[in-house]
Amino acid sequence: MWANKFPRRTFLKATAATAAAVGAGDVFSFGEWMKQASAAPVTKIPSLCETCSAACGMWVHVKNGRIWKVTGQKDHGQSKGQLCARGHAGIAQAYHKDRITHPMKRVGENDFMPITWEQAYSEIAAKLKKVLKEHGPDKVFFSHNPRPTNAFYWPRLMAAVGSNTIQSHHSMCSTGRDVAYKWTTGGMANADLGKTKYIVFLGRNYVEGLSPSSAAGMAVAHGKGTTIIVVDPRHSNACLFATEWVPIRPGTDLALLLAVANVLIAENLYDKEFVDEWCVGFDEFKKGMKDYTPEWASAVTDIPADTIYAIARGLGKNRPTSCIEQGYKAPNGCNYANGTQMFRMVACVNALLGNYGQDGGMKFGNAPKLGSLDAKKYPAPPKPKAARCDGVGIKGEYPLCQPNQGIVHMMPQRALEGKAKAGFLYRINVARNAPQPELLTKGYKALDLFVVCDIKWSESAMCAHYVLPECSAAEREDLPAIVGATVTMRTAAIDVVHSETKPLPEIVTELAGHMGLEKYFNFTREEVAAAMVKPLGVTLEDLRAKGTVKVKAPAAKPLSFATGSKKVELYCKAFADHGHKPVPEWEPPFAKADKNSFVLIHGKQGFLSHTTSISDPYLLAVAKRGDLERLWINADRAKKMGIKDGDLVEVASPQATRKVRVKVTERVHPEAAYLPAGYGRFAPFLKTGVGYGINPNDFTPCRAEAISGHAMMMEVTVTIRKVGE
Amino acid sequence: MPRYAIIIDAKKCVGCYACQVACQMQNELGPENAFIRFEDRETGKYPNPKYVMVPLQCQHCQDAPCVPVCPTTASHKDKNGLTMIDKNKCMGCRRCVPACPYNARTYLKDEGVVQACNMCLSLVSKGEEPVCVATCLTKARYFGDLDNPQGEFAKQLAKAKQLRPDFGTKPTLLYII
Numbered sequence: 002m003w004a005n006k007f008p009r010r011t012f013l014k015a016t017a018a019t020a021a022a023v024g025a026g027d028v029f030s031f032g033e034w035m036k037q038a039s040a041a042p043v044t045k046i047p048s049l050c051e052t053c054s055a056a057c058g059m060w061v062h063v064k065n066g067r068i069w070k071v072t073g074q075k076d077h078g079q080s081k082g083q084l085c086a087r088g089h090a091g092i093a094q095a096y097h098k099d100r101i102t103h104p105m106k107r108v109g110e111n112d113f114m115p116i117t118w119e120q121a122y123s124e125i126a127a128k129l130k131k132v133l134k135e136h137g138p139d140k141v142f143f144s145h146n147p148r149p150t151n152a153f154y155w156p157r158l159m160a161a162v163g164s165n166t167i168q169s170h171h172s173m174c175s176t177g178r179d180v181a182y183k184w185t186t187g188g189m190a191n192a193d194l195g196k197t198k199y200i201v202f203l204g205r206n207y208v209e210g211l212s213p214s215s216a217a218g219m220a221v222a223h224g225k226g227t228t229i230i231v232v233d234p235r236h237s238n239a240c241l242f243a244t245e246w247v248p249i250r251p252g253t254d255l256a257l258l259l260a261v262a263n264v265l266i267a268e269n270l271y272d273k274e275f276v277d278e279w280c281v282g283f284d285e286f287k288k289g290m291k292d293y294t295p296e297w298a299s300a301v302t303d304i305p306a307d308t309i310y311a312i313a314r315g316l317g318k319n320r321p322t323s324c325i326e327q328g329y330k331a332p333n334g335c336n337y338a339n340g341t342q343m344f345r346m347v348a349c350v351n352a353l354l355g356n357y358g359q360d361g362g363m364k365f366g367n368a369p370k371l372g373s374l375d376a377k378k379y380p381a382p383p384k385p386k387a388a389r390c391d392g393v394g395i396k397g398e399y400p401l402c403q404p405n406q407g408i409v410h411m412m413p414q415r416a417l418e419g420k421a422k423a424g425f426l427y428r429i430n431v432a433r434n435a436p437q438p439e440l441l442t443k444g445y446k447a448l449d450l451f452v453v454c455d456i457k458w459s460e461s462a463m464c465a466h467y468v469l470p471e472c473s474a475a476e477r478e479d480l481p482a483i484v485g486a487t488v489t490m491r492t493a494a495i496d497v498v499h500s501e502t503k504p505l506p507e508i509v510t511e512l513a514g515h516m517g518l519e520k521y522f523n524f525t526r527e528e529v530a531a532a533m534v535k536p537l538g539v540t541l542e543d544l545r546a547k548g549t550v551k552v553k554a555p556a557a558k559p560l561s562f563a564t565g566s567k568k569v570e571l572y573c574k575a576f577a578d579h580g581h582k583p584v585p586e587w588e589p590p591f592a593k594a595d596k597n598s599f600v601l602i603h604g605k606q607g608f609l610s611h612t613t614s615i616s617d618p619y620l621l622a623v624a625k626r627g628d629l630e631r632l633w634i635n636a637d638r639a640k641k642m643g644i645k646d647g648d649l650v651e652v653a654s655p656q657a658t659r660k661v662r663v664k665v666t667e668r669v670h671p672e673a674a675y676l677p678a679g680y681g682r683f684a685p686f687l688k689t690g691v692g693y694g695i696n697p698n699d700f701t702p703c704r705a706e707a708i709s710g711h712a713m714m715m716e717v718t719v720t721i722r723k724v725g726e
Numbered sequence: 017m018p019r020y021a022i023i024i025d026a027k028k029c030v031g032c033y034a035c036q037v038a039c040q041m042q043n044e045l046g047p048e049n050a051f052i053r054f055e056d057r058e059t060g061k062y063p064n065p066k067y068v069m070v071p072l073q074c075q076h077c078q079d080a081p082c083v084p085v086c087p088t089t090a091s092h093k094d095k096n097g098l099t100m101i102d103k104n105k106c107m108g109c110r111r112c113v114p115a116c117p118y119n120a121r122t123y124l125k126d127e128g129v130v131q132a133c134n135m136c137l138s139l140v141s142k143g144e145e146p147v148c149v150a151t152c153l154t155k156a157r158y159f160g161d162l163d164n165p166q167g168e169f170a171k172q173l174a175k176a177k178q179l180r181p182d183f184g185t186k187p188t189l190l191y192i193i
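As given, the protein sequences belong to chains Z and A, one line each in that order.
Residue 726, in the numbering used here, is where the first sequence stops; the numbers in between run on with no holes.
Residue 193, in the numbering used here, is where the second sequence stops; the numbers in between run on with no holes.
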């Protein structure tokens, strides 16, 4: 049966082509070093991966002072002994050719010159002071992907200068989900996959948007016979563990959930006791769901009505050991105009199932708490009173959005409108990972001061006035973090490779000194770390030896919901107060395919996280060997359009036209075209991965969704035409 | 002597490439050289497609075609029944590369030698599992001794088959597909 896969000549051809295509983008200098190193003793130092948000615990194996390989820490909740391809490859970024090796100052459009740290700090401080004097702290923002060390240091500096606008990557990721959960259940609960009997995944892909433990959990649940329904326009690799793949028209998951609620109520399959005790607004909710029958939803979602009935009954009959998985980016986190209400419905359907706090349902975390610095000895800056420059918390703009998340992708637009004047970016590449890069680039460059602190060059760094180089994960020790009932910390595995790079605590403390704010940074990172772990009865020496240490979890709390009503808000008063529908109603996504167009959907592949990993030579080689950058289109539609597997096509939206090769497949909804995310890098300073593949963000306009302000990253249709064999 | 083998349950392989990259690191290979490669196959029609991803590497064939074509005896069967390449004897002629019907060998340009999966013998001799087995996220791989099968390896052995027995090479690596 594998005959067609093993023709010898093809193998030879493939081998030759791969070798030529991949080329010598090697970061290691093998040869001599390797020969000497192969017999050298190996030391194992604990670290944390930094290729994605999972931050798995890993052991770095070092030979002759150089990283050899990594293995997963068994006690770490995310890795549980295993690491993914990104982890194995990513640690080598210490030696990457795209490293920023000196503080840099922009002197031309794409031209930078190295400067001393002293010059960088002095000039940044002077320019920031000027902006603060002329415009006040409400036109200064800071954007990052919060991790223990930067989440402590940068916001403290921003507070010290009076700025309130701290933003995370979430408006490009999960803001819709987080805002909906905040106002519906008071916080996020997680599906208890290990014990559930019936679980529905909406777009969430545990094996490609993966952490090792989530992929393992899905395999185990599948092996145990858990009913796993994967609703997704694409038959992702997660479907390998699905009982059933339910293809859905992109952006219509809200309609499916409205119909599920309709059936649960109409057929009396909901948990009346839970609803009576723990929910507000059931009567209005019930009324709201009345017309959303599976027959109605079938026409909207392209899912057979029978399947919708089966899903609703499967959930209802298995309650409370059934759930709708909490989701992440897709389809509700930040992808469609109806995303926030879509996620309110996830929270509401789970409430109808009475599964909160139940084994096999949705469980709230109960993590141990880290300590903090003694405030008397180490005075913290006062909480800033400045208004936010991204509209969060402001009436008439985004009053419901999470203040700790903000609306990161709209800052370039705000800069063009004169609403932002100075910005700091730490290790986040908004200019490539958010829609409409031309606008983002233009906006960042319009700022009076734009500072990027990163390890490698990025599209965002190319917009900066000053680029500050941090040392990589393997070269530094960070602040500890809680993962489940453990505390974990990254330690330095090797010496700094580039002598002019520094760990973040040094950079922020020194910059604060130049701003005259040293009184708020009168401590070392080690003092902060020690204060954090003190209440847990763990020492830094423990962490340096073991990487991850088990600690006692606090006693389980009784069920509670941190909403205004202290209950699940099926009817949400806060939404009503701000002019949004208090009970979710059907609203279509903006993007709808017709016979000539496709909704452009995207999603991760298991070996990539965003654009940073495609510039890794090993991961780039994986992509090139498998032609994994291709655009997926449905086989029937491809046939009608005269497109064959591997053909070159032109993809066009009103905003952009790009060329890419096609993967013709039965594994995608006919109205969706799937483009793997993370390709299409364009920063001219990059030596690896630049120009390979195309990026969905090129086609999508930069906008903010009405309630939570997320980026609506899949709200675009494209046309596709063949331009080459 | 043990006869080491790996069983791969392709139904559990999600194509994350962790084994491929971990193997490259373990064996100090450059990005362009990999001992593990993948073939995938899609069958069925929308909306009922089936998909399988099959990791391929040296099958440690009992009748290994790479051995007789090697002019220097660099390719040989070792005492554990594994198909190994003696780097010091390999002159890089690459006759073995097309001889392998599984396309499981890779030529290291910098060193001028051919290499392939060596079952991580340096780890195995210390009682550890090969890295591809240790790192597999969904535990789709099982390592063991065919002459003394134990634990999960023994349980899976009953279901496992040779891939393409028609090649007549009697692979030691086994698959569940």
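Here a beta-carbon is modelled for each residue, glycine too, at the ideal position from N, C-alpha and C.
Taking the runs of the alpha helix (DSSP H) that are 4 residues or longer, which of them lie wholly in the stretch 515–603 of chain Z?
526–534, 541–547, 574–578
Beta strand (DSSP E) segments (min. 3 residues) lying fully within the stretch 598–660 of chain Z:
599–604, 632–635, 649–653
State the start and end residues of the unbroken beta strand (DSSP E) segment that holds Z/M59.
What you label residue 59 of chain Z is simply residue 58 of the first sequence in a count that begins at 1. Per DSSP, Z/M59 belongs to the beta strand (DSSP E) from 58–64.
Can you have a look at Z/G485 and say buried or exposed, based on whether 16 or more other CB atoms are within 10 angstroms of its CB?
Here residue 485 of chain Z is taken as the residue at index 484 of the first sequence, counted from 1. By the 10 Å Cβ count, Z/G485 comes out buried.
Quick one: which residues of the stretch 663–675 of chain Z get their C-beta closer than 9 Å to a C-beta of chain A? List them in chain order.
T666, E667, R668, V669, H670, P671
May I ask you to list, following chain order, the residues of the stretch 72–98 of chain Z that have a beta carbon less than 9 Å from some beta carbon of chain A?
T72, G73, G82, Q83, L84, C85, A86, R87, G88, H89, A90, I92, A93
Beta-carbon separation (whole angstroms), Z/L512 vs Z/L133, contact threshold 8 Å:
For the purposes of this step, residue 512 of chain Z is taken as the residue at position 511 of the first sequence. For the purposes of this step, residue 133 of chain Z is taken as the residue at position 132 of the first sequence. That pair is no contact at about 14 Å.
Strand pairing of Z/C454, partner residues [DSSP]:
One-based indexing of the first sequence puts residue 454 of chain Z at position 453. Answer is Z/Y427, Z/L469.
Rounded to whole angstroms, what is the Cα-Cα separation between A/Q131 and Z/T102?
Your numbering for residue 131 of chain A matches position 115 in the second sequence. Your numbering for residue 102 of chain Z matches position 101 in the first sequence. Roughly 35 Å separates the two Cα atoms.
Compile a chain-ordered list of the residues in the stretch 618–652 of chain Z whose CB is closer than 8 Å to at least one CB of chain A.
P618, Y619, L620, L621, A622, V623, R626, G627, N635, A636, D637
Which stretch, first to last residue, makes up the beta strand (DSSP E) that contains Z/G725?
Locating residue 725 of chain Z in the first sequence gives position 724, counting from the first residue. Z/G725 -> beta strand (DSSP E) spans 718–725.
Quick check on the burial criterion: 16 or more other C-beta atoms within 10 angstroms. Buried or exposed for Z/A41?
Reading the first sequence from its first residue, position 40 is the one you call residue 41 of chain Z. Z/A41 is exposed by the Cβ-count criterion.
From the DSSP output, read off the bridge partner residues of Z/P677.
Start at 1 with the first residue of the first sequence, and residue 677 of chain Z comes out as number 676. DSSP, once it has assigned bridges, lists Z/G604 as partnering Z/P677.
Report the three-state DSSP secondary structure of Z/G282 (helix, strand or coil).
The residue you call residue 282 of chain Z lines up with position 281 of the first sequence. Coil at Z/G282, not helix or strand.
How about Z/C573 and Z/R250: do their beta carbons lie closer than 8 Å?
Along the first sequence, one-based indexing puts residue 573 of chain Z at 572. Along the first sequence, one-based indexing puts residue 250 of chain Z at 249. Going by C-beta atoms, Z/C573 is not nearer than 8 Å to Z/R250.
State buried or exposed for A/P84, treating a residue as buried only when at least 16 other CB atoms are found within 10 Å of its CB.
As a working note, residue 84 of chain A is residue 68 in the second sequence. When all chains shown are included, A/P84 counts as exposed.
So, helix, strand or coil for A/R111, using DSSP?
Position 95 of the second sequence, counted from the first residue, corresponds to residue 111 of chain A. If DSSP states are grouped into helix, strand and coil, A/R111 belongs with coil.
CB contact flag (Z/A705, Z/M463, <8 Å):
Within the first sequence, the letter at position 704 stands for residue 705 of chain Z. Within the first sequence, the letter at position 462 stands for residue 463 of chain Z. No, they are not a contact pair.
What three-state label does DSSP hand Z/A306 in the structure shown?
Within the first sequence, residue 306 of chain Z is the residue found at index 305, counting from 1. Looking at Z/A306 - three-state DSSP - the assignment turns out to be helix.
What's the gap between the Cα of Z/F242 and the Cα of Z/A220?
Position 241 of the first sequence holds residue 242 of chain Z. Position 219 of the first sequence holds residue 220 of chain Z. Computed Cα separation, rounded: 6 Å.
When the Cβ atoms of the stretch 155–164 of chain A are set against those of the stretch 44–64 of chain A, are three or more pairs found closer than 8 Å?
no
For A/K177 and chain Z, any beta-carbon pair shorter than 8 Å?
For this step, residue 177 of chain A is matched to residue 161 along the second sequence. With 8 Å as the cut-off, A/K177 does not count as an interface residue toward chain Z.
Residues of chain Z with a CB under 8 Å from the CB of A/K155: which are they?
Against the second sequence, residue 155 of chain A aligns to sequence position 139. What A/K155 touches in chain Z: A217, A220.
Under 8 Å Cβ to Cβ from Z/A727, same chain only, skipping five residues before and after it: list those, please.
Here chain Z covers residues 2 to 726 and nothing more, so residue 727 of chain Z does not appear.
Excluding sequence positions up to five away, which residues of its chain have a Cβ less than 6 Å from the Cβ of Z/K287?
Here residue 287 of chain Z refers to the residue found at position 286 when the first sequence is read from its first residue. Around Z/K287: I266.
Report the three-state DSSP secondary structure of Z/E672 (helix, strand or coil).
For the purposes of this step, residue 672 of chain Z is taken as residue 671 along the first sequence, with counting starting at 1. Looking at Z/E672 - three-state DSSP - the assignment turns out to be coil, as it is neither helix nor strand.
I want to verify the contact list: residues of chain A whose CB lies under 9 Å from the CB of Z/F608, in sequence order.
By 1-based counting over the first sequence, the position of residue 608 of chain Z is 607. The contacting residues are G31, C32, Y33, A34, Q36, V37.
Can you pull the DSSP bridge partners for A/H92?
Locating residue 92 of chain A in the second sequence gives position 76, counting from the first residue. Per DSSP, A/M100.
Option nearest A/K194 by Cα separation, candidates Z/A657, Z/A474, Z/R235, Z/T549:
Because residue 194 of chain A is not part of the residues shown, which for chain A are 17 to 193, the question remains open.
My assumption, with CB atoms under 8 Å, is that Z/A239 sits in contact with Z/W297. Please give the rounded CB distance.
For the purposes of this step, residue 239 of chain Z is taken as the residue at position 238 of the first sequence. For the purposes of this step, residue 297 of chain Z is taken as the residue at position 296 of the first sequence. Actually they are not in contact, since the Cβ atoms of Z/A239 and Z/W297 sit about 28 Å apart, beyond 8 Å.
Local Cβ density within 10 Å of Z/P536, reported as buried at 16 or more and exposed below that
Sequence index remark: in the first sequence, residue 536 of chain Z carries index 535 (1-based). Label assigned to Z/P536: exposed.
Taking the alpha carbon of A/G108 as the reference point, which residue from A/L98, A/A90, A/F183 has its own alpha carbon closest?
Position 92 of the second sequence, counting from 1, holds the residue named residue 108 of chain A. Nearest option by C-alpha distance: A/A90.
Please list, in chain order, the chain C residues whose beta carbon lies closer than 8 Å to that of Z/H236.
Chain labels in this structure do not include chain C; the protein chains are Z and A.
Using the C-alpha atoms, what's the distance from Z/K420 back to Z/C390?
Working through the first sequence from its first residue, we reach residue 390 of chain Z at position 389. Working through the first sequence from its first residue, we reach residue 420 of chain Z at position 419. Cα-Cα distance, rounded: 6 Å.
Spell out whether any CB of chain Z is found under 8 Å from the CB atom of A/M107.
As a first step, residue 107 of chain A must be located in the second sequence, where it is residue number 91. No - not a single Cβ of chain Z is within 8 Å of the one on A/M107.
In the structure shown, what three-state DSSP assignment does Z/K443 receive?
Taking the first residue of the first sequence as position 1, residue 443 of chain Z is located at position 442. Of the three classes helix, strand and coil, the one that applies to Z/K443 here is helix, per DSSP.
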